[in-house]
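For reference, the structure is listed below as structure tokens.
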DNA sequence: TAGATTGGTGTTAACGTTAACATCTTTCCG
DNA sequence: CGGAAAGATGTTAACGTTAACACCAATCTA
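Chains as they are written, first to last, in this note's numbering: chain A, 992 to 1324; chain B, 992 to 1324.
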């Protein structure tokens, strides 16, 4: 790999002049500039970002830490983040935390070493507090996405869990459902709690009590949905509808229901948070509170880069609204 | 951010001793080691990868360049690559090329600057040849994934397009289909060509001719599938089945068919390459030649790291077999 | 007991780039 | 026409880390 010095020698200038040509950081004679550029071309010279990062204390690298890149919600979010990052001249590293605090911490430490300029993170849960404090100690800018953390002051891009839940629950109730199960992710994740709160509120509003046996706490994975349904099926008095706190839970639930010979929506309605993108194109089936996941990524990168630039002062919070999409997985009874 | 020198001062040793503790590169007295580790802990010290990369000429960063992270095939592949990279102590940068040579080139240049240790790339097409030659010039190890490039000698992880196509086509023919359309991606992508070849072979084997009006070349995107179907619907003699060269094409095709009031499989059967993962869990619908996408990622990282380590000599090629999964989108006529 | 070995540690220079300052020439202005 | 300003370029040192070598003390070996 050729260096700036190789270019300098061949172009008969100092390294500094080459640096100036690369960065446009100061005037350079037109002729000299052309000569230097020609040599760079000829040598296929690409400046070493490591050396640059060392002196500039900036790497133009961002990191995106999410729970699972195979989840369409995060995939589309990642796409938004990547497009926006690229537009603004940043690259993106990504990692999966698998909803696991330990893995999350490992990643963050790696990122601290990498000297990324900032981090986008969907925290694995409230316990992420400590991990994020580490970032704050080290003054590494970050934005949390999708999940809030109580007591943590930082930039945030969140969905409106209460609104979405109200939309979903009102829909189910309008369809005549009264026994509605709630499949929750870990209660240490803000979205799980808020959606439970919304669930309770809407039931109360309609004079209904929460039946504790219909509230199942599990995890935001496919297997979580399956386990939750196994649990529900042991009840003598089955629910007529299931509200799953995210898309993976819903898919797991439907899969498990099907394996027990139950049909959706004929035997049970199933609705959830977050759409399935491609899947919904293929076969619009699931009734969902869809979130603008692409925008989550875009907005988060914008906040982050503002923060990095130092122009942002107070912490900002962006709340993106969900949209109820009624499809075939829910029906009137 | 504290440096190795801060640690050295506090621990009353030289920077070199700290470096040795970090890397375990030479003996250090047990007591000294403990003292240094304590100070590192206390200062929350994380070694600067930029400085390290500069002297070691290695960054432990890999890059994954694919056409679109929202495609489940690539998503799962990315997950496999990320898991394996992490296991081997590497981080992963990723980028979307959108099947676009120019964007691909930009990315590769960025990666050259970043001094990544290696690149995993699903080339946007045969024209990627030049882009990859740049990597070869610069002696940056890379592995191409999913798509071959004629005349390029390098490490490769590919699917078996011919086998998969044979499985799919034999299935359709066994179901009585004779007028089968083939929706192709760009013919500058090896998989498009091989699948066309397989398509032709199987038809010939059964004494059938290729009807050119049934072969539609478009692109590997959702919109490609939609456009292709618009084209097909203008024929007076419609096909009874559509074989789409990838999953996005199939989804686009089905979406468009539905918009024209045609049902799958009642009016037309649709089959394709690559599964839809989550989607297939929710609602097993599409008949596909599924490829082990997770393994594509894992194997590619293995090849790449072997290459980086210098232990690999000849270029290697791994071919992963597809698996025909028959579901409801195809039916006997 | 001299010489070699090994354990433990430090010093120096280098990796490739850029900020800060220095130098020289040319142009401008009153 | 003399001093200031602007234009063009170079020199030096620094960023944080590690390889290579050097050094010293303790231990081993013949």
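Backbone N, C-alpha and C define an ideal beta-carbon position, used for all residues, glycine too.
Since the structure is predicted, the reported quantities are computational estimates derived from the model, not experimental observations.
Residue 1012 of chain A: not part of any beta strand (DSSP E); member of the alpha helix (DSSP H) spanning 1006-1014, first to last residue.
For residue 1166 of chain A, there is no enclosing beta strand (DSSP E), as DSSP marks it with neither H nor E. The three-state secondary structure of residue 1208 of chain A, taken from DSSP, is strand. Between residue 1088 of chain B and residue 1037 of chain A, the CB-CB gap reaches or exceeds 7 angstroms. Residue range 1260-1264 is occupied by the beta strand (DSSP E) that includes residue 1264 of chain B. In this structure the region 1009-1022 of chain B does not touch the region 1257-1269 of chain B; the number of beta carbon pairs closer than 8 angstroms is below three. Here residue 1136 of chain B is actually not in contact with residue 1174 of chain B; their C-beta atoms are around 22 angstroms apart, not less than 8 angstroms. For residue 997 of chain A, the enclosing alpha helix (DSSP H) starts and ends at 995-1002. Rounded to whole angstroms, the separation of the alpha carbons of residue 1240 of chain A and residue 1279 of chain A is 12 angstroms. Exposure of residue 1254 of chain A is indicated by the presence of fewer than 16 other C-beta atoms within 10 angstroms of its C-beta. Looking at the backbone, the Cα of residue 1034 of chain A and that of residue 999 of chain A are separated by about 11 angstroms.
Residues of the region 1023-1048 of chain B with a C-beta less than 7 angstroms from any C-beta of chain A: 1035, 1037, 1038, 1039, 1040, 1041, 1042, 1044, 1045, listed in chain order. When DSSP states are grouped into helix, strand and coil, residue 1150 of chain B belongs to the strand group.
DSSP places residue 1028 of chain B in the uninterrupted alpha helix (DSSP H) bounded by 1021-1034. Residues of chain B whose Cβ lies closer than 9 angstroms to the Cβ of residue 1104 of chain A are, in chain order, 1037, 1038, 1039, 1040, 1043. Non-local beta-carbon contacts of residue 1030 of chain B in its own chain, meaning distances under 6 angstroms to residues more than five positions away in sequence, involve 998, 1001, 1002 in chain order. Taken in chain order, the complete beta strand (DSSP E) segments of 3 or more residues contained in the region 1065-1136 of chain A are 1082-1087, 1109-1112, 1133-1136. Just so you know, the alpha carbons of residue 1197 of chain B and residue 1044 of chain B end up roughly 59 angstroms apart. Here residue 1236 of chain A is not bridged, per DSSP, to any residue. The secondary-structure analysis by DSSP pairs residue 1173 of chain B across a beta bridge with B/1206, B/1234. In the three-state DSSP reduction, residue 1050 of chain A falls in the coil class, being neither helix nor strand. A distance below 7 angstroms separates the beta carbons of residue 1061 of chain A and residue 1070 of chain B.
Bridge partners of residue 1281 of chain A according to DSSP: A/1314. Per DSSP, residue 1037 of chain B lies in no alpha helix (DSSP H) segment and is marked neither H nor E. A straight-line Cα-Cα distance of about 13 angstroms links residue 1211 of chain A and residue 1063 of chain A. Per DSSP, the beta-bridge partners of residue 1056 of chain A are A/1086, A/1112. Non-local beta-carbon contacts of residue 1159 of chain A in its own chain, meaning distances under 7 angstroms to residues more than five positions away in sequence, involve 1234, 1262, 1280, 1315 in chain order.
When the beta-carbon positions are compared, residue 1276 of chain A and residue 1320 of chain A come within less than 7 angstroms of each other.
When C-alpha distances from residue 1028 of chain A are compared across A/1227, A/995, A/1046, the shortest belongs to A/995. Judged by beta-carbon spacing, residue 1053 of chain A lies beyond the 7 angstroms limit of residue 1146 of chain A, meaning their Cβ atoms are not closer than that value. Against chain A, a Cβ distance below 9 angstroms from residue 1272 of chain B picks out 1213, 1242, 1243, 1245, 1246.
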